[in-house]
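Asker: Quick note, the sequences are listed as chains A and B, same order.
Residues in the first sequence are numbered from 1 upward in steps of one, following the working numbering.
Residues in the second sequence are numbered from 1001 upward in steps of one, following the working numbering.
Think of the CB as a built atom: it goes at the ideal place given N, C-alpha and C, for glycine as much as any other residue.
2 protein chains.
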Amino acid sequence: MTSTEAFETVLNETAKTVTATLKDVFGSHRLIVGTPHRLLDAMRHGVLNGGKRLRPFLVLETAKLFSAPQQAAMDVAIALECIHCYSLIHDDLPAMDDDSVRRGKPTVHKAFDEATAVLAGDGLLTLAFGLIAEAESIPPAPRIALISALSRRAGVAGMVGGQMLDMNAQDHDLKDIEITRMQTMKTGALLSFACEAGAIVGGATVDHRNRLRHLGEVLGRAYQLSDDLLDETGDAGAMGKAARKDRGQGKKTMVALHGVDWAKDRLYDLSVEAEELLKHYGDQATTLRAATRYIVSRSH
Amino acid sequence: MTSTEAFETVLNETAKTVTATLKDVFGSHRLIVGTPHRLLDAMRHGVLNGGKRLRPFLVLETAKLFSAPQQAAMDVAIALECIHCYSLIHDDLPAMDDDSVRRGKPTVHKAFDEATAVLAGDGLLTLAFGLIAEAESIPPAPRIALISALSRRAGVAGMVGGQMLDMNAQDHDLKDIEITRMQTMKTGALLSFACEAGAIVGGATVDHRNRLRHLGEVLGRAYQLSDDLLDETGDAGAMGKAARKDRGQGKKTMVALHGVDWAKDRLYDLSVEAEELLKHYGDQATTLRAATRYIVSRSH
């Protein structure tokens, strides 16, 4: 078994636990009582769809660095995954990326309808903040810090703003720096929240918070770059979506702009940067090191 | 000057203050730095559009009953108005109510485009929770209570769920009890949050919180009923939108089901119920009494 395969086993195990917890949440009294059936079904369709649960994984793993209570980390991980899934539902809408299939299944607006997809996304986004606010596993101060950070990273100067830049990009060619800004906001912001969240629930210092946020940004850039490489080199099976789709839609990527070799060199640089940040955590960061290698190498 | 006219003056004054504060928020460093221009413009279009600011008014007035700091009440009022405005932007979308005009101006998806409208709504919703989380005017415990209550009232068992039921209703005739449930969720939930929020920022007892939440529900039912009466009797000028529009779309209202006289009797009952709840607050509740009369009488 290669180290990548070994890591995939770990990631899959975590994904199973996260998905089981999500199933509990979406089958809980809180959600079943009062939620229209069709809306709850649409949210479940959007959330329980076999995702890799990379963001929850990063919350759980970074929380371990600070011996944070498992339950506290899981509560944040679940809320973050709700945000990620809402963003996918809205991004798939006809007015946005107009995708019919995600992870081999119809997207929410295809399986239900557009109005239901908009509302399922709104519902997940609204729920995420409530889940953190009500997470008794986390003391009040970090709970508030988490909500503030999540609002900023998922909001108009973060993920939502990144999607806006991505939509605008379809009308004109982006420059190098504009692509980086868009991707940092669209993908990087939630990954950097994931890593920083572990430090927050672990009651870590501001230095640790900043370092892990930085790690999340580095992993976000690497993730996006390897995604673009996969898109360019065209291994559709590894992506679960049509290869070259992004280029087909006229979306400029850094790989399209600078070439495959440049991208591979850049991925190597990013892996070194991540290793440097993880040195502070010694052996405790073994799994996060494997995660870094996994993100960097999945496109090779 | 009639008492209704006097109250309208008070409401308009509050609306001016709220709108000025919203302008500050949407011109603040926090939002200008990092938010794509077009997205910020779309959010401003959706928020600074001459609304009556009834929900902020109710937060501010109920907070006065408990001598809560003005700044704390305003911070919540602004967040709540962001939620209300996001819901209007999404409700107006072609896949939802498909409205082109709101308060005499093009809706956000008409003035911009659908994708921008979806993202502007998402951005406002995300921002609202961050504004409360970062409201230093409010101690940590009530801040968390506010976020939890807002998430529940604005979420899938509240406002978002109500809009879902409203969408479903276009396909079949709703029964009496189903209309009530839909309207309680769609309109009542945010108004009940508005009133309860004043009690929360004022550090009031659970009894007060429950009573004011109840007041908000009563005002919500009255508001909806007078809205439906206006729709039925057709004073388009008073509504700022096309009269009989809801009936024209085949939406069943309680007025359509039970008639104008029944609705007026019911409005009277609701005003008595509100007066009973406000008795606990004596002269301090004079403005809230005027608000009740205003809501009840605007359709006569």
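Secondary structure at P948 (chain B), three-state DSSP: helix, strand or coil?
Answerer: Here chain B has residues from 1001 to 1300 only, and residue 948 (chain B) is not among them.
Asker: Quick check on I1078 (chain B) - is its C-beta less than 9 Å from some C-beta in chain A?
Answerer: No, I1078 (chain B) does not count as interfacial toward chain A.
Asker: CB-CB under 6 Å to A1111 (chain B), same chain, minus the five flanking residues each way: which ones, in chain order?
Answerer: So the list reads H1045, once near-sequence residues are dropped.
Asker: Using a C-beta to C-beta distance shorter than 7 Å, which residues of chain B count as neighbours of M167 (chain A)?
Answerer: The answer, in chain order, is A1115.
Asker: Taking M1113 (chain B) as part of the alpha helix (DSSP H), name the residues at either end of that continuous run.
Answerer: A quick correction: the sequence has Asp, not Met, at residue 1113 (chain B). Element bounds for D1113 (chain B): n/a, residue is neither H nor E.
Asker: Distance cutoff 9 Å, beta carbons only. Does V1033 (chain B) sit that close to anything in chain A?
Answerer: It does; some Cβ of chain A falls within 9 Å.
Asker: Any idea if I177 (chain A) is buried or exposed, counting beta-carbon neighbours within 10 angstroms, 16 or more meaning buried?
Answerer: Exposed is the call here.
Asker: Relative to the C-alpha of T1187 (chain B), which residue among B:A1135, B:A1197, B:E1196 and B:L1219 is closest?
Answerer: Measuring from the Cα of T1187 (chain B), the nearest candidate turns out to be B:L1219.
Asker: Closer than 9 Å, Cβ to Cβ, to anything on chain A: give me those residues from the region 1100-1126 of chain B, in chain order.
Answerer: Against chain A - using a Cβ distance shorter than 9 Å - the residues of the region 1100-1126 of chain B are H1109, D1113, E1114, A1115, T1116, A1117, V1118, L1119, A1120, G1121, D1122, G1123, L1124, L1125 and T1126.
Asker: Helix, strand or coil: which one does DSSP assign to V1156 (chain B)?
Answerer: Three-state DSSP puts V1156 (chain B) in coil, outside helix and strand.
Asker: Going along the chain, which residues of the region 134-154 of chain A sit with their C-beta nearer than 7 Å to a C-beta in chain B?
Answerer: So the list reads E134, P140, A141, R143, I144, I147, S148, S151, R152 and A154, given in the order they occur along the chain.
Asker: In the DSSP assignment, the alpha helix (DSSP H) including F1193 (chain B) goes from what residue to what residue?
Answerer: First-last of the alpha helix (DSSP H) with F1193 (chain B): A1189 to V1201.
Asker: Alpha carbons only, please: which of B:R1030, B:K1052, B:F1026 and B:G1050 is nearest the one belonging to D1041 (chain B)?
Answerer: Closest by alpha carbon: B:F1026.
Asker: Relative to chain B, which residues along the region 170-195 of chain A have a C-beta separation below 7 Å, given in chain order?
Answerer: Here the close residues number zero.
Asker: What's the C-alpha gap between I132 (chain A) and T1233 (chain B)?
Answerer: Using only the alpha carbons, I get a separation of about 45 Å.
Asker: According to a CB-to-CB cut-off of less than 7 Å, which residues of the region 1083-1099 of chain B neighbour chain A?
Answerer: Those would be H1090, L1093, A1095 and M1096, in chain order.
Asker: At 8 Å on the CB atoms, spell out the chain A contacts of M1074 (chain B), in chain order.
Answerer: Going along chain A, no residue has its Cβ under 8 Å from M1074 (chain B), so there is no contact; the nearest lies around 18 Å.
Asker: Among B:F1057, B:P1036 and B:L1039, which residue has its Cα nearest to the Cα of T1287 (chain B)?
Answerer: Of the listed residues, the one whose Cα sits closest to T1287 (chain B) is B:F1057.
Asker: On the CB-based measure, 16 or more other CB atoms within 10 Å of its CB, does H1172 (chain B) come out buried or exposed?
Answerer: The residue is exposed, with fewer than 16 neighbouring Cβ atoms inside 10 Å.
Asker: State whether the region 121-135 of chain A contacts the region 86-105 of chain A, with contact taken as three or more CB pairs (one from each stretch) at a distance under 8 Å.
Answerer: Yes: at least three Cβ pairs fall under 8 Å.
Asker: Does the pairing of the region 205-219 of chain A with the region 97-114 of chain A give three or more beta-carbon distances under 8 Å?
Answerer: The region 205-219 of chain A, when compared against the region 97-114 of chain A, does not touch it at the 8 Å Cβ threshold.
Asker: Could you tell me whether the region 1054-1068 of chain B touches the region 184-198 of chain A, where touching means 3 or more Cβ pairs closer than 8 Å?
Answerer: The region 1054-1068 of chain B vs the region 184-198 of chain A: no contact.
Asker: Please say whether L1080 (chain B) and A1022 (chain B) have beta carbons closer to each other than 9 Å?
Answerer: It should be noted that the sequence gives Leu, not Ala, for residue 1022 (chain B). No, they are not a contact pair.
Asker: Our contact map puts F1066 (chain B) next to A1197 (chain B) with C-beta atoms below 8 Å; I'd like the distance itself, whole angstroms only.
Answerer: Not a contact, Cβ separation roughly 11 Å.
Asker: Would you mind telling me which residues of chain B sit closer than 7 Å to F129 (chain A), beta carbon to beta carbon, in chain order?
Answerer: The contacting residues are F1129, I1147 and S1151.
Asker: Which residues, in order along the region 1003-1026 of chain B, keep a beta-carbon less than 8 Å from a beta-carbon of chain A?
Answerer: Of all residues in the region 1003-1026 of chain B, none has a Cβ within less than 8 Å of some Cβ in chain A.
Asker: In chain A, what lies closer than 8 Å to P1036 (chain B) by C-beta?
Answerer: Under the 8 Å cutoff, chain A gives V156, G161, M164, L165 and N168.
Asker: For chain B, check one thing: does any of its Cβ atoms lie closer than 9 Å to the Cβ of R30 (chain A)?
Answerer: Cβ-Cβ to chain B under 9 Å: yes for R30 (chain A).
Asker: Hey, out of B:A1073, B:L1230 and B:H1214, whose CA is closest to V1201 (chain B)'s CA?
Answerer: Among B:A1073, B:L1230 and B:H1214, the Cα nearest to that of V1201 (chain B) belongs to B:A1073.
Asker: Quick check: the region 1026-1039 of chain B against the region 1265-1274 of chain B, are there 3 or more CB pairs under 8 Å?
Answerer: No, the region 1026-1039 of chain B is not in contact with the region 1265-1274 of chain B.
Asker: How many Å lie between H258 (chain A) and R289 (chain A) at the Cα?
Answerer: Whole-angstrom Cα-Cα distance: 27 Å.
Asker: From this set, A:H29, A:A120 and A:A169, which residue's C-alpha is nearest T1116 (chain B)'s C-alpha?
Answerer: If we check each option's Cα against that of T1116 (chain B), A:A169 comes out closest.
Asker: Spatial neighbours of S1155 (chain B) within its chain, please: C-beta separation below 8 Å, excluding the five flanking residues on both sides.
Answerer: For the sequence presented, residue 1155 (chain B) should be read as Gly rather than Ser. Counting only Cβ-Cβ distances below 8 Å, and skipping sequence neighbours, we find G1161.
Asker: What does L39 (chain A) reach in chain B if we use C-beta pairs closer than 8 Å?
Answerer: What L39 (chain A) touches in chain B: V1156, V1160, G1161 and M1164.
Asker: Taking V296 (chain A) as the reference, which of A:E276, A:G130 and A:Y268 has the closest Cα?
Answerer: Here the closest residue by C-alpha is A:Y268.
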